[in-house]
Amino acid sequence: MATQIEPATQTDEDAFRAEVQQFLADNFPAELKGQSNALAGVDGPTNETPAQTKWREAVGARGWGTPTWPKEYGGGGLTKAQAKIIDQEFAKAGAYNPIGGMGVMMFGPTLLEYGNEAQKQEHIPPICRGEIRWCQGYSEPNAGSDLANLQTFAEDKGDHYLVNGQKTWTSGGQWADKCFAIVRTDKSDKHKGISFMLIDMDTPGVEVRPITMISGTSPFCETFFTDVKVPKENLVGEEGQGWTIGKRLLQHERTNISGGGSLARLMGQSLGDIAKKYQPTGADGELADAVLRDKIADFEIRWNSFLLTARRAMEESKAAGGVSEISSVLKKLGTKLSQERSELLIEIRGLQGLGWEGDGFSDGELGAVRAWLFGKATTIYGGSTEIQNNIIAKRVLGMLDHQ
Amino acid sequence: MATQIEPATQTDEDAFRAEVQQFLADNFPAELKGQSNALAGVDGPTNETPAQTKWREAVGARGWGTPTWPKEYGGGGLTKAQAKIIDQEFAKAGAYNPIGGMGVMMFGPTLLEYGNEAQKQEHIPPICRGEIRWCQGYSEPNAGSDLANLQTFAEDKGDHYLVNGQKTWTSGGQWADKCFAIVRTDKSDKHKGISFMLIDMDTPGVEVRPITMISGTSPFCETFFTDVKVPKENLVGEEGQGWTIGKRLLQHERTNISGGGSLARLMGQSLGDIAKKYQPTGADGELADAVLRDKIADFEIRWNSFLLTARRAMEESKAAGGVSEISSVLKKLGTKLSQERSELLIEIRGLQGLGWEGDGFSDGELGAVRAWLFGKATTIYGGSTEIQNNIIAKRVLGMLDHQ
Amino acid sequence: MAVLNEEQEMLRDMAREWTVNESPVTEFRKVRASGEPEAFNRDAYATMAQMGWAGVIIPEEHGGSDFGFLSAGLVVEELGKTLTASPLVMNTVAASAIVLGGSDEQKARWLPRLASGEAIATLAVDEGPSHDPAKIETSVSDGKLSGTKAFVHEAHGADLFVVAAKDGLYLVEKGDGVALTTRKLTDQRSHADVTFDGAAAEKLANGGDNLLDDVLDRARVLTAAEMLGMAQQVFDDTLDYLKQRVQFNQVLASFQALQHRMADLFADLAQMRSAVEAGLQAVDAGFGVARAATIAKAEANRVMHTMANEGIQLHGGIGMTDEYDVGFYLKRARVLEQSFGSSSWLKDRFSKLSGY
Amino acid sequence: MAVLNEEQEMLRDMAREWTVNESPVTEFRKVRASGEPEAFNRDAYATMAQMGWAGVIIPEEHGGSDFGFLSAGLVVEELGKTLTASPLVMNTVAASAIVLGGSDEQKARWLPRLASGEAIATLAVDEGPSHDPAKIETSVSDGKLSGTKAFVHEAHGADLFVVAAKDGLYLVEKGDGVALTTRKLTDQRSHADVTFDGAAAEKLANGGDNLLDDVLDRARVLTAAEMLGMAQQVFDDTLDYLKQRVQFNQVLASFQALQHRMADLFADLAQMRSAVEAGLQAVDAGFGVARAATIAKAEANRVMHTMANEGIQLHGGIGMTDEYDVGFYLKRARVLEQSFGSSSWLKDRFSKLSGY
């Protein structure tokens, strides 16, 4: 029986941990310690240094940036327990995961589920190696929360589709190599007329125009398609299955936005500790402003119970299998709490917490301001809070439609 | 020209003030100082003491309980400025206005506007003398916020109507002499089939059953009408005009619930002063619990700006004439704030603020608990907050219906 | 819902079945109508004890099942749903004090009787109307305890009081030197000011310096569990009502403004459940108890407060009547909110525990 | 809207016409694009002064119209609606300090120039990033003032600083001993840390012990008036947007959940307007100023905070773009919220004024 067990699980935990440590010692450039790189997020271009390239290639070659994805497509083929060990050891060494972006967070898992063999062979390995950047072609000027209203049309031309229309909020569109998009292939049915397809961003007729946000950054684009030829083999699933596939992908997005991706990053930073750097403290080291202290505790308690809720959802969905129905609740709560946190930071710092630029502000202070402003989007994109409320009321609570 | 001026305004303010003072000296029994009596509210029976009777009759004879109502129907025929003087002088003397109840607050003003001469002659004087108690026959088990859905039917029998049906939330129904009711006279039109009529509570076929509330009190009844004969002359306005008249009356109700009636009573009592009796104070007499102090200030600031809003609405509506469109805003804000105040009182008093009965609690503490519980109704009756929100959105802001 | 083991699932199912069938809110109405100050049904409590619920956190050697606090919380949550009036929560908390701090003799003497329901115990800490364990004046000299405890829960039915004095926790039996003054609160349950006037007292000498805090944390998580059941029930009842009640020719559940409020409440309830279950689990794990219990009770206070108010408002007029149950939840909710830590007290403690 | 007299109505109408036609938000965009640290259009300010707006609270004998603060607030509200960048608020506040506390010579020297727009003044009080007039270290000896003031509004354009020192308010002209360090905030307006190093200072010797408080209260009500205009505009723009934007085949305005949120905002805005107008009127009446100004700014903070957030949220994605105006209101709102009293500071003051 033992020979039936997957190779990865033959190594016991300690041995695997040692393997990871050795890998880090061999491959992680010391100069990158404590850094991260932009491919993991959606904003900013990647101008890799040689060390960064080396590190990305090393991790990509092992598939360890996507540790639980199948080995046959370039993933790590590892168990969740092993993936956790990689996380832990990378964190200890101050090493970042250089393989990220929308390909890893959203598109990859969806393609693994719905793509055909040829598509998986073609698209998954470059994601695992961090060579390709994907962007999302969902929203349109008149199809935001109401995605089913999308108008971008893909006309059947025999061996290819001819795509015309406009997308907006294309994350990182100006830096992306490829775009996963939902488009209309049939104008007669709102939902069943939608298909999911993959579009090369350098195809003639694709144009992007970055959008400046209130935070001053431009992580999104408007994307225009004019007679763009998309080969038939770039259709994922069947024609008309785009709504189903597209929604599935959104569940992955929601889980990420709600904090799945950023929980670990935020957990360590207590607002109370930050406040103590800006505000006077009393004899026992407590914040002298009792009202502010109460507000911070109020927030931190709710934040903790949100983290507990995220953990509980994970445990329950593990038991039940698949993405939890509670993802709407987590998205709604997590984004609201993150926004509250940003507002509290301003209250703690006063005008020092509202700096736009200049030497008078630390990088952390300026970053917090940009994050405060950009964070206003988290309750809008990935299904606005209003949409999540509709989903909770109708699908989870069984309240009828208001029509 | 001077001879054309109304008698009341011939007296200048000081003279009138002196007249009121003299009246008080002559008529107000010292033993009633600081008391009030139940007819002014909607809850509880009136078992008048001889002194209370004497005082009611004295005020009623002058029409000073309804000072601005026309003299010909038993009102005071006074100006608003004079009415204010009465208020002030009564308050100074610790004297209550013994003329109150739903007749004064809601029914009287409406009848003065829509009633015919005979109806006004019959019904207004007893209200001015505080002799008759009115109750409201509006809500039904299936017509609460959706009043137009009412089913109580008044069948035309020539010289009278035959009324059958059930009303609920009849305020003080068990103590009332008469009821102003909206009933259906035409089943074919939801709104135009409604009429406004007056029903004697001692007519055969009228039965009341008090409803016990969560506060332990029973200020409301279910009222059952079984083949109740109502003379035709008790119809107010035209048949089918009941919706218009009934809504008008609700505007008076709303203004009263929102605080028009109780503003003066509440204004003097600062939560901060109450808190200082229950909570430790610091060196400067300030509340030692800075968080509670902040909460109280937060409430008191919003309460003050509500009072300012009520005053502004009055000034503006005086300029514009008639009941202000902002009455929905005042109702919504005033009721919410009163509820918040009750909750804050509990927080200030701890378990001492949650007493149900017993010597361990002062009358003030017990009264506050009952008021807290009963006060939950203020955002439900008189048009719930949800209904007010609909009114504001649709009528004031011009947002379309969701159908 | 936390992932449960088989024993826990059985226990919860049994509790659910019993409360729904044998102890619906009509049973609480009977208790209220009886007007007895102890305010619970002795027969029902005997049955509960027979089912083992009084001994869930008591070691097997002393007649309990030692299932732990998560298990006790499951039972208490179900009792909370139907507002079952019983001294179970307080008895469990008082028993935990003996488990943590009692001598072998004290354990042997009391725990079997508390587990079997033969005797009932409660906890007496606060001396004013707001929770404040730092302000205790009660003192003991020569084995005689004197002081007055305010608003002691389940005082009337108690045979044994676990009493906080300046220098620790003491066991005091009812009887000489123990006098009760009933304090009837909105929840119509048993509360009394208890005056100890030189009452015979035995110290709980083990359990260390943090014994009082440890016991209070157990009171917090179990109270939070009761509130969780109450909040869940108010939510479920309200949702049912909205799905049935028709206004303007539509069921209320179809109005988007109400849908979004229910979505808010649902999210709040999810947070409350996570916090409460984590509090109970922390007690069982013996790790991070103070912090987890503080979060549990704070979230219970916050969510139950809103849930009770929204429950009334969304029920409309009928929710205001004594005939409907929702008002009872409101009236119990505020009493529990003020017990063993108001929100403001809990936030102060959380700040201290977090070092700011 | 308060009941206005004819002069006030004319003033408001004129301000409304000018801002809508001559100073829409595109004008603020130009100011921002220019990158000048003083961050306002000198020509526009000259026009405003010509229209008499810089002298609304200045006595007629010194070149003003003496219309009072309610009138000044009407103008400032209109300027707030279109985010018109100008030193008008700060100049008015600084002028009020001279009106209240200046000698005849000081008045004669400065007020006509401030009223005509020939010179610009501002107020420098706080020495840290949060408003706290009780913490002033700046001191004067031998007519030389030294100290550093933080985040002084409209510092770059100011010819004259009204500076709070330990023992009172002083006039300091720009020039020797006055150095600015630009502090660029989210609102892209003029803010600077101003260091006074032995700068020549003249005391405002009249006005009594409460001069600083009196002047700050004027800053509070005028800032609140600016916020009122901003909140009104965000509300109006959001309502317009909801009435136009179609989703799920319906205009957004038809969704009940959004209708109820707009009803909440409308009620909030009504409260804010009442509080702000009462604050301005109290200054004119000279009665209950401290209390009314505290309420005005506290309500302005509260409502503007929510209005800005809801404005963005209800605009959806486009509200997040620099191309739309609503983000500018958010970025200005927080700066004003933190200036001349955060909500927490104002509530503390209100408690003190109320004796608890």
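Residue numbers (UniProt numbering), protein chains in the order written: chain H, 1 to 403; chain G, 1 to 403; chain E, 1 to 356; chain P, 1 to 356. Using N, Cα and C, we set each Cβ at its ideal position, and we do this for glycine too. Note that the structure is predicted; figures quoted are calculated from it, not measured.
Proximity to residue i [Cα-Cα], best of the options
i, options, result
"H/S327", "H/K71, H/V369 and H/H252", "H/H252"
"E/D43", "E/V99, E/T84 and E/D264", "E/T84"
"P/N206", "P/R183, P/A33, P/G168 and P/E61", "P/G168"
"H/I391", "H/L366, H/V329 and H/Q339", "H/V329"
"G/G173", "G/P219, G/T378, G/I86 and G/A313", "G/P219"
"H/Q136", "H/P125, H/A143, H/Q352 and H/F180", "H/F180"
"E/V125", "E/E277, E/H260, E/A150 and E/M304", "E/A150"
"P/R261", "H/A30, H/E386, H/A83 and H/Q52", "H/E386"
"P/G55", "P/F40, P/K184 and P/I120", "P/I120"
"P/E154", "P/D322, P/Y45 and P/E17", "P/Y45"
"G/W158", "G/D186, G/K376, G/H123 and G/V230", "Contrary to the premise, residue 158 of chain G reads as Gly rather than Trp in this sequence. Ranking the options by Cα distance to G/G158, first place goes to G/V230."
"H/E72", "H/A176, H/M105 and H/C128", "H/C128"
"H/L351", "P/V25, P/G35, P/E202 and P/G128", "P/G128"
"P/K352", "G/I301, G/E19 and G/E48", "G/I301"
"G/T223", "G/P141, G/A83 and G/A377", "G/P141"
Which residues DSSP lists as bridging residue i, in chain order
i, result
"P/A150", "According to DSSP, P/A150 bridges with nothing at all."
"E/H305", "According to DSSP, E/H305 bridges with nothing at all."
"E/K184", "G/E357"
"H/W134", "H/K178"
"G/V230", "G/Y161"
"G/R209", "G/E222"
"P/S139", "P/S146"
"P/Y170", "P/V163 and P/K203"
"H/R184", "H/F153 and H/I194"
"E/F196", "E/G147 and E/V178"
Sequence-distant residues of the same chain with beta carbon closer than 6 Å to residue i, five excluded per side
i, result
"E/R12", "L74"
"P/T238", "G311 and L314"
"G/R370", "S215"
Whole-angstrom distance between residue j and residue i, CA atom to CA atom
i, j, result
"E/P87", "E/L160", "12 Å"
"G/L147", "E/S254", "19 Å"
"P/P133", "P/S339", "11 Å"
"G/G63", "G/G101", "15 Å"
"H/N97", "H/S215", "26 Å"
"H/G41", "H/D200", "At H/G41 the pLDDT is 39, less than 50, meaning the model places this residue with poor confidence; the figure from the coordinates comes in the next sentence. Their backbone Cα atoms lie some 20 Å apart in a straight line."
"H/S139", "E/A270", "30 Å"
"P/G279", "E/H191", "48 Å"
"P/D66", "E/Q259", "54 Å"
"G/F16", "G/G77", "13 Å"
"E/Q247", "G/S145", "7 Å"
Proximal residues to residue i (C-beta, below 7 Å), its chain only, five neighbours per side dropped
i, result
"G/T281", "L287 and A288"
"P/L228", "E77, G80, M272, R273, V276 and A300"
8 Å CB neighbourhood of residue i in its chain, flanking five on each side removed
i, result
"G/W243", "A148, I182, H191, K192 and I194"
- Every unbroken alpha helix (DSSP H) inside the segment 236 to 304 of chain P [4 residues or more]: 256 to 285
- Query: For the segment 314 to 392 of chain G, which segments carrying the alpha helix (DSSP H) assignment without a break, of at least 4 residues, lie completely within its bounds, in sequence order?
  - Reply: 327 to 349, 363 to 375 and 385 to 391
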